[in-house]
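Undergrad:
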Amino acid sequence: MTSDGVVVDEAIRAAWDSYRILEKRTPQKERQQAQQRVKAAMDAYGRDEVSRGAVFLVGVLTAHIIGQQDGPQEDRLDPLSDLIPAVTRKLPDFELADPAQVPMVTGVLMAAAMGMDTVAWRDQFGKIPPPEALVHNFVLWLLADLFDSLVEQPGATDQLMQETFNSMTADSG
């Protein structure tokens with residue numbers, strides 16, 4: 000595990016791949032490639048590091064949603080009264096979402112809404128257990144879906160993330 004809120008790039012990519020596995024629009028071949036990348040990252044860096052990658056992305060998407068809203072102030076999502084409740088209310092829609100994990104994922108969302116480093120905030124509580132890790136993946140999916148809805152473009156978040164990962168690969172290669 001890295002420290003000080005730093006997460007291995009491959010773990011962040013694997014966390015996004017976990018979203019792509021959940022997303023029904025992901026073509027089967029790409030879903031299989033995503034599964035392979037998740038497995039490789041877990042083998043190389045551990046499940047906990049990939050879970051930390053999901054926490055990192057929850058922070059990034061939350062900040063992106065908050066920062067990208069334009070229009071009149073009354074039409075904007077308030078992070079504390081709109082965004083966080085909207086996400087947490089949707090978690091029961093996922094059969095595998097353990098309700099006992101909601102307080103911790105809500106804390107991560109709160110940390111993100113307050114501009115804090117979500118990984119550093121979450122790290123103070125120790126390793127991320129598998130049931131919590133799964134719920135962070137669901138939160139990531141919900142945030143991506145929310146952003147796609149706000150920009151009225153299905154798949155916009157995935158496209159943005161794929162472009163980001165491609166540019167990171169190009170920069171390091």
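One point on numbering: in numbering that gives the first Met the number 0, the residue at position 124 of the sequence shown is 123, and numbering is uninterrupted. Note that beta-carbon positions come from the ideal geometry of N, C-alpha and C, so glycine has one too.
With residue 52 as the anchor, note down where its alpha helix (DSSP H) starts and where it stops.
TA: Residue 52 -> alpha helix (DSSP H) spans 46–66.
Undergrad: Looking only at C-alpha atoms, which of 93, 30, 120, 35 sits nearest to residue 133?
TA: Comparing Cα positions, the closest option is 93.
Undergrad: Buried or exposed: which applies to residue 148, given that a residue is buried once 16 or more other Cβ atoms fall within 10 Å of its Cβ?
TA: Exposed: under 16 other Cβ atoms inside 10 Å.
Undergrad: Is the CB-CB distance between residue 57 and residue 6 below 7 Å?
TA: Cβ distance not < 7 Å, so residue 57 and residue 6 don't count as in contact.
Undergrad: For residue 127, which of helix, strand or coil comes out of DSSP?
TA: Reduced to three states, the DSSP call for residue 127 is coil.
Undergrad: Indicate whether residue 40 and residue 49 have their beta-carbon atoms separated by less than 7 Å.
TA: Contact flag set, yes.
Undergrad: For residue 30, which residues of its own chain have a beta-carbon under 7 Å away from its beta-carbon, when the five flanking residues on both sides are left out?
TA: Taken in chain order, the residues that qualify are 19, 20.
Undergrad: With DSSP collapsed to three states, give me the class of residue 23.
TA: DSSP places residue 23 in coil when its eight states are reduced to three.
Undergrad: Taking the beta carbon of residue 99 as the centre, do at least 16 other beta carbons fall within 10 Å, making it buried, or is it exposed?
TA: Label assigned to residue 99: exposed.
Undergrad: As an exercise, report each continuous alpha helix (DSSP H) stretch of at least 4 residues that is fully enclosed by the stretch 86–113, in chain order.
TA: As far as the stretch 86–113 is concerned, its whole alpha helix (DSSP H) runs of at least 4 residues are 101–112.
Undergrad: In angstroms, rounded to a whole number, what distance separates the CA positions of residue 136 and residue 151?
TA: Answer to the nearest angstrom: the Cα atoms are 22 Å apart.
Undergrad: Residue 7 lies in the alpha helix (DSSP H); which residues open and close that run?
TA: Counting along the chain, residue 7 falls outside any alpha helix (DSSP H), and DSSP gives it neither H nor E.
Undergrad: So, residue 164 versus residue 46, is the Cβ gap smaller than 7 Å?
TA: Contact flag unset, no.
Undergrad: Should residue 43 be labelled buried (16 or more other beta-carbon atoms within 10 Å of its own) or exposed?
TA: So residue 43 counts as exposed.
Undergrad: Exposed or buried, residue 131, counting other C-beta atoms within 10 Å across all chains shown (16 or more means buried)?
TA: Buried, because 16 or more other Cβ atoms sit within 10 Å of the Cβ of residue 131.
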